Amino acid sequence: PDPGTRNRSSITLHAGSDMRTSNTIDIDIDIALASRDAEAMRHALASLPDEALHPAAPQLARLAADFEAREQVDDALLCRDLVIRAWPDRASPRLERARLYMRVGRMEDALADCDAAVARDPKLRGVAGVRAQAHDALGHADAAIAAYREAIAEAGK
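Going by the numbering used here, 449 is the number at position 124 of the sequence shown; the sequence numbering is gapless.
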């Protein structure tokens, strides 16, 4: 887009309760969406405490979904990681990252995120299906069958 007409939406992250300019990072959402450099974003946000990411978590989740749709897996994983840093006690961001891990063949990581999601919310829907697919891909027949049964039972509720 033309820089003069580009939407200049931004999010501001504040490190701790100190609102001084030196502790504020502005991220232009349009630039982040167009970025293919996940490492640059990771570097820019790495020094922030996790709680400083909390206000940005919804935007980061939307960025992750957009990156996934564009097949920008590294950028999507970065955003999913940042959402989890911002919301460590929430289950659904871990399930979303587990689904992304599945897409890139990281089955063990997907299973670990499923376990973490269930630990945070035992009633979270969708975990059994991801577990089933991951176990199936890893050749864990008995675990896959059990998880598929659980997913079918969940779908029937």
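Cβ coordinates follow ideal geometry from the N, Cα and C atoms, glycine included.
Given the structure is predicted, the values throughout are model-derived calculations rather than measurements.
Check whether residue i and residue j have beta carbons under 7 Å apart
{"i": "Ala-441", "j": "Arg-474", "result": "no"}
{"i": "Ala-423", "j": "Asp-438", "result": "yes"}
Straight-line Cα distance separating residue j from residue i
{"i": "Leu-358", "j": "Asp-391", "result": "With a pLDDT of only 42 at Leu-358, under 50, the local geometry of the prediction cannot be trusted, and the value read off the model is given with reservation. C-alpha separation (whole angstroms): 7 Å."}
{"i": "Ala-444", "j": "Ala-416", "result": "8 Å"}
{"i": "Ala-389", "j": "Leu-378", "result": "15 Å"}
{"i": "Ala-435", "j": "Ala-453", "result": "11 Å"}
{"i": "Glu-483", "j": "Val-455", "result": "A query on residue 483 cannot be resolved here, the shown segment of the chain reaching from 326 to 482 and no further."}
{"i": "Ala-478", "j": "Ala-382", "result": "32 Å"}
{"i": "Asp-353", "j": "Leu-425", "result": "The pLDDT assigned to Asp-353 is 42, lower than 50, so where the model puts this residue is not dependable; a value taken from the coordinates is nonetheless given after this. If I take the Cα positions, the gap works out to 24 Å."}
{"i": "Ala-371", "j": "Gly-481", "result": "43 Å"}
Chain-order list of residues whose beta-carbon lies under 6 Å from that of residue i (same chain, five-residue window excluded)
{"i": "Val-398", "result": "Val-429"}
{"i": "Leu-385", "result": "Cys-404, Leu-407, Val-408"}
Residue interval of the alpha helix (DSSP H) (run including residue i)
{"i": "Gly-464", "result": "Note, Gly-464: premise wrong, no alpha helix (DSSP H); not H, not E."}
{"i": "Pro-383", "result": "382-394"}
Secondary structure of residue i, DSSP reduced to three states
{"i": "Pro-447", "result": "coil"}
{"i": "Ala-416", "result": "coil"}
{"i": "Arg-345", "result": "With a pLDDT of 36 at Arg-345, under the threshold of 50, the modelled position of this residue cannot be trusted; read the value that follows with caution. In the structure shown, Arg-345 sits in coil (DSSP, three-state: anything other than H, G, I, E or B)."}
{"i": "Gln-458", "result": "helix"}
{"i": "Leu-373", "result": "coil"}
Cβ shell of residue i (< 7 Å), same chain only, five flanking positions each side left out
{"i": "Gly-451", "result": "Leu-420"}
{"i": "Gln-458", "result": "Met-427"}
Contacts around residue i, its chain only, beta-carbon distance under 8 Å, and the 5 residues preceding and following it disregarded
{"i": "Pro-413", "result": "Asp-375"}
{"i": "Glu-393", "result": "Ala-401, Leu-425, Arg-428"}
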